[in-house]
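Reading through the structure tokens given below for one structure.
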Amino acid sequence: KRVGIFVSGGGSNMRALVEDMQGDHPARPSVVLSNNERAGGIAWARTQGIATEVIDHRPYGADRASFEAAITDALAPYDLDIICLAGFMRVLTGGFVAPWQGRMLNIHPSLLPKYKGLNTHARALDAGDTEHGCTVHLVTPALDDGPILGQARIAIEPGDTPQTLAARVLVQEHRLYPATLRRFAAGNTTPLTL
Ligand code: GRF
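Add 2 to the 1-based position in the sequence shown for full-length UniProt numbering, that's all there is to it.
Structure (structure tokens):
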């Protein structure tokens with residue numbers, strides 16, 4: 003299976019996915035795409051000899067459809083089977099998602115359906131939750147809302163801040179996303195709980 007990974011920043015989730023696919027695995031990373039030329043994930047992918055594509059969203063302004071058409075054009079030569087969103091910080095419209103529905107995964111730093119959107123760690127703390135975590139789900143046109151493929155849970159500790167929580171959740175993301183992609187690429191959509 004040919005996988006495209008979308009990043010916007012450091013790409014630590016992308017790195018975890020790429021490293022896991024270096025072993026015996028039903029999928030391989032065909033391209034890493036970003037909206038940000040300066041994304042650390044793009045630089046790292048290039049050191050690994052992985053093809054990269056950068057589509058800066060800024061020239062498109064509010065014209066999401068044209069930005070997404072440029073992504074579609076850039077991806078065409080790779081003939082992808084699966085897209086993994088990994089710290090990709092641009093909302094994709096239903097027009098882009100629809101043809102990929104069922105083949106596009108995302109990782110979100112909360113126990114969905116709780117805390118869709120941003121600032122998930124602060125919201126879990128403000129709510130007084132005792133546990134938190136991350137979720138890998140199939141992407142649908144609604145934000146952070148598709149069928150859940152995997153979840154990892156952590157305890158919220160006294161004195162936790164959004165930063166300490168984010169750091170512990172990120173460690174779990176790096177376990178959960180590779181394990182979930184492995185299963186998904188092998189055709190197994192039974193939800194995984196770590
Ligand atoms: C992190 O906040 C992570 O929780 C979320 O995207 C952000 C950056 O991740 N999934 P990455 O290091 O770029 O993969």
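Just so you know, even glycine gets a beta-carbon here, dropped at the ideal spot from N, CA and C.
Quick caveat, the model's predicted, so the values are computed rather than measured.
Discussion item. Using 8 Å for Cβ pairs, my map puts residue 5 next to residue 32. What's the rounded Cβ distance?
Written reply: 6 Å
Worksheet item: If you measure from the CB of residue 133, is any heavy atom of the ligand GRF nearer than 7 Å?
Response: No; taking the cut-off as 7 Å, the Cβ of residue 133 has no heavy atom of the ligand GRF nearer than that.
Practice prompt. Please report the residue range of the alpha helix (DSSP H) in which residue 140 lies.
Written response: Unbroken run through residue 140 is the beta strand (DSSP E), 133-140; no alpha helix (DSSP H).
Worksheet item: What separation, rounded to the nearest whole angstrom, lies between the Cα atoms of residue 34 and residue 153?
Response: So the two alpha carbons sit approximately 24 Å from each other.
Discussion item. Quick check on residue 93: does DSSP put it in helix, strand or coil?
Written reply: coil
Discussion item. Within a Cβ cutoff of 6 Å, which residues of the same chain sit near residue 143, ignoring the five residues on either side of it in sequence?
Written reply: 96, 99
Worksheet item: Where residue 185 and residue 36 are concerned, what is the direct C-alpha to C-alpha distance, given to the nearest angstrom?
Response: Residue 185 and residue 36 have their alpha carbons spaced roughly 25 Å apart.
Worksheet item: What number of angstroms, rounded off, separates the C-alpha of residue 58 from the C-alpha of residue 40?
Response: 10 Å
Worksheet item: Roughly how far, in whole angstroms, is the beta-carbon of residue 135 from the beta-carbon of residue 171, given that I think they are within contact range, below 8 Å?
Response: Between residue 135 and residue 171, the beta carbon gap of about 6 Å places them in contact (Cβ cut-off 8 Å).
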